[in-house]
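Participant:
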Amino acid sequence: MPHALNIISANDLRDGLNVYFIQDGGSARWDRDISLATIYDEDELSAAFDRAKQDMDNNIVVDCIIVPIDDNHNPVTTRERIRAGGPSVKYGNQITN
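Just so we're aligned: the sequence shown equals residues 1 to 97 in the UniProt record's numbering.
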């Protein structure tokens, strides 16, 4: 059963980073900033998730998931709080910078 408040997350197909689904009027897009994510209640979630999955079919994102959030708009689960913080290790040229 979905949580009272939810956002939709996925991974950008180009770089693998976490992105969050944003709907504004008739348009939809993905952004890396979790604070911009559209918040859905239980009644809106199914239609929004179906729309987000269209971007999986169009090879824009992979692994769309529903992320429950608390009243302060923070992810409820530890896994999603870690993902929202971005990569937890440095790699490649980031190690020396």
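Every residue gets a Cβ at the ideal spot worked out from N, C-alpha and C, and that includes glycine.
Using the Cβ count rule (16 or more neighbours within 10 Å means buried), how would you classify Arg-32?
Facilitator: The residue is exposed, with fewer than 16 neighbouring Cβ atoms inside 10 Å.
Participant: Measure the C-alpha to C-alpha separation of Gln-23 and Ala-10 and round it to an integer number of angstroms.
Facilitator: Straight-line Cα distance between these residues: approximately 14 angstroms.
Participant: Tell me the residue span of the beta strand (DSSP E) that contains Ala-10.
Facilitator: From DSSP, the beta strand (DSSP E) with Ala-10 extends over 6-12.
Participant: What does a CB cutoff of less than 8 angstroms around Leu-13 pick up in its chain, not counting 5 residues either side in sequence?
Facilitator: Around Leu-13: Asn-59, Ile-60, Val-61 and Val-62.
Participant: Enumerate in chain order the residues of its own chain whose CB-to-CB distance from Ile-39 is below 8 angstroms, with the five nearest sequence positions on each side excluded.
Facilitator: Closer than 8 angstroms at Cβ, skipping near neighbours: Leu-5, Asn-6, Ile-7, Ile-69 and His-73.
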